[in-house]
Amino acid sequence: RLGDPGAQETGTGRGGAKTPGARFAALDLGTNNCRLLVAKPDGENLRIVDAFSRIVRLGEGLSASGVLSDAAMARTIDALKVCAGKISRRGGAQARCVTTQACRMAGNGEAFLERIRDETGLEFEIISTEEEARLAAAGCADLIDECAEAALIFDIGGGSTEISWMRPVAHAKSFDCAAWASMPFGVVNLAEKWGGREIDLECYEAIVDSVRSEIAACGDPAGLKAHFNDGKAHVLGTSGTVTSIAGVSLGLIKYRRDHVDGLWMEVSEARRTIEKLRAMSFDERVREPCIGADRADLVVCGCAILEALIREWPTTRIRVADRGLREGILADLASQSGKLKRRRRRRRKKAKPPGSA
1 RLGDPGAQET
11 GTGRGGAKTP
21 GARFAALDLG
31 TNNCRLLVAK
41 PDGENLRIVD
51 AFSRIVRLGE
61 GLSASGVLSD
71 AAMARTIDAL
81 KVCAGKISRR
91 GGAQARCVTT
101 QACRMAGNGE
111 AFLERIRDET
121 GLEFEIISTE
131 EEARLAAAGC
141 ADLIDECAEA
151 ALIFDIGGGS
161 TEISWMRPVA
171 HAKSFDCAAW
181 ASMPFGVVNL
191 AEKWGGREID
201 LECYEAIVDS
211 VRSEIAACGD
221 PAGLKAHFND
231 GKAHVLGTSG
241 TVTSIAGVSL
251 GLIKYRRDHV
261 DGLWMEVSEA
271 RRTIEKLRAM
281 SFDERVREPC
291 IGADRADLVV
301 CGCAILEALI
311 REWPTTRIRV
321 ADRGLREGIL
331 ADLASQSGKL
341 KRRRRRRRKK
351 AKPPGSA
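Mapping the sequence shown onto full-length UniProt numbering, position 213 (from 1) lands on 213, and the numbers just tick up by one.
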């Protein structure tokens with residue numbers, strides 16, 4: 001579990017001095033975003049000591065060309081040089097650097113990773129869709145309602161969307177992944193296919209229907225659908241889409257992780273905010289503090305993915321996670337190192353619907 005995440009403001013850390021206690025670093029290079037966390041052990045938890053996030057749009061144009069563009073690679077290299085410097089200044093932390101759908105798809109993905117190594121010293125691995133789903137779920141599973149009968153974790157990325165179906169572990173306040181799926185759509189490739197700046201209601205519903213059909217094709221792989229139909233399960237979202245929706249819903253004048261991470265949203269409120277965003281012009285979305293120019297042409301497609309998901313897997317509440325794959329990596333690194341104090345195992349309460357008093 002991560003401790004005080006005070007250094008998680010985009011592009012900031014707690015000073016530039018070398019910090020020997022910073023032992024672990026997780027770097028996630030996605031289709032849209034480049035994100036780094038550096039943490040050190042703090043009792044039973046990990047304490048974040050540095051962080052960085054920059055939208056690089058590595059997968060821009062990939063669906064049409066099949067390769068990473070020169071401009072996208074240059075933007076990404078610039079961001080990764082910042083990350084390499086942060087890792088070095090934090091005492092050369094033990095790092096795991098992963099990349100996902102863009103490099104999985106690109107004909108020049110492997111060559112680009114060699115270039116990254118030559119220009120930044122960072123060694124990346126292209127992880128499988130299964131590993132991506134596992135890490136995302138591991139990074140936010142602590143936010144599942146301990147009284148739920150089941151949960152669905154979704155991670156809307158730039159080039160893919162991962163879903164993990166979670167079931168409770170007997171006699172423990174924890175959940176295991178019972179099944180997972182990865183679908184080859186995310187906010188970047190959907191925006192390129194359908195257009196992201198101006199999406200009318202007819203186009204929006206077409207996106208929702210298209211995405212829902214792919215989600216429905218997964219079936220009920222863990223046999224948990226009845227818990228959703230009975231109101232005894234909830235969904236948990238980890239992505240820029242869901243955190244942006246939460247920020248807009250709260251009326252934040254500046255994004256605040258401490259207000260958003262762990263927030264419960266009623267589905268009715270999420271849909272009200274989605275409709276507000278869908279009805280806005282591109283320029284109006286740019287002016288939204290929790291959207292901005294970097295996400296204004298992507299967020300409506302993300303909203304369509306979320307809408308498709310909750311139509312197919314009905315729920316009354318959504319929990320918002322501003323955590324995920326990077327935190328999953330950090331948990332793995334810490335567990336393998338044996339540096340964290342062991343936490344007492346807690347017994348699970350008798351299950352009841354997430355929305356009950």
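Cβ coordinates follow ideal geometry from the N, Cα and C atoms, glycine included.
* Asked: If you check the beta carbons only, do A151 and I163 fall under 8 Å apart?
  -> Result no, Cβ atoms of A151 and I163 do not sit closer than 8 Å.
Quiz item: If we call anything under 8 Å between Cβ atoms a contact, is V187 one with L62?
Solution: Contact flag unset, no.
Q. How is D118 classed by DSSP in three states: helix, strand or coil?
A. In the three-state DSSP reduction, D118 falls in the helix class (H, G or I).
- Item | Of the listed residues P221, V267, T161, nearest to C177 (C-alpha basis) | Among P221, V267, T161, the Cα nearest to that of C177 belongs to P221.
What are the start and end residues of the beta strand (DSSP E) that includes E60? Unbroken run through E60: none, as it is neither H nor E.
Along the chain, where does the alpha helix (DSSP H) containing N33 start, and where does it finish?
Unbroken run through N33 is the beta strand (DSSP E), 33-42; no alpha helix (DSSP H).
With DSSP as the reference, please indicate the residues paired to S164 in a beta bridge. Note: S164 sits in a beta bridge opposite I153, W180.
Limits of the beta strand (DSSP E) - the one that G237 falls within = 233-238 is the span of the beta strand (DSSP E), which, as asked, contains G237.
Report task. Can you tell me which of A137, A133, G223 puts its alpha carbon nearest to the alpha carbon of P184? Result -> The residue with the shortest Cα to Cα distance from P184 is A133.
query = Between A216 and the rest of its own chain, which residues show a CB-CB distance below 7 Å, the 5 nearest in sequence each way excluded?
reply = Take A216, set aside five residues on each side of it, and the residues of its chain with a beta-carbon closer than 7 Å to its own are E312, in chain order.
Beta bridge counterpart(s) of I318 as assigned by DSSP: Looking at the DSSP assignment, I318 forms a beta bridge with V235, M265.
Taking DSSP as the reference, what is the three-state secondary structure of A51?
In this structure, A51 counts as strand in the three-state DSSP scheme.
- Query: Does the separation of the CB atoms of V300 and L277 fall below 8 Å?
  - Reply: Contact annotation: V300 and L277 have beta-carbon atoms nearer than 8 Å.
- prompt: Measuring CA to CA, which of N45, L58, F52, L36 is closest to N189?
  reply: Considering only N45, L58, F52, L36, the residue with the shortest C-alpha distance to N189 is L58.
Do I329 and L46 have their C-beta atoms within less than 8 Å of each other?
For I329 and L46, no; Cβs fall outside 8 Å.
| query | So which of G196, S239, E266 has the shortest CA-CA distance to S249? | reply | When only C-alpha atoms are compared, the closest one is E266.
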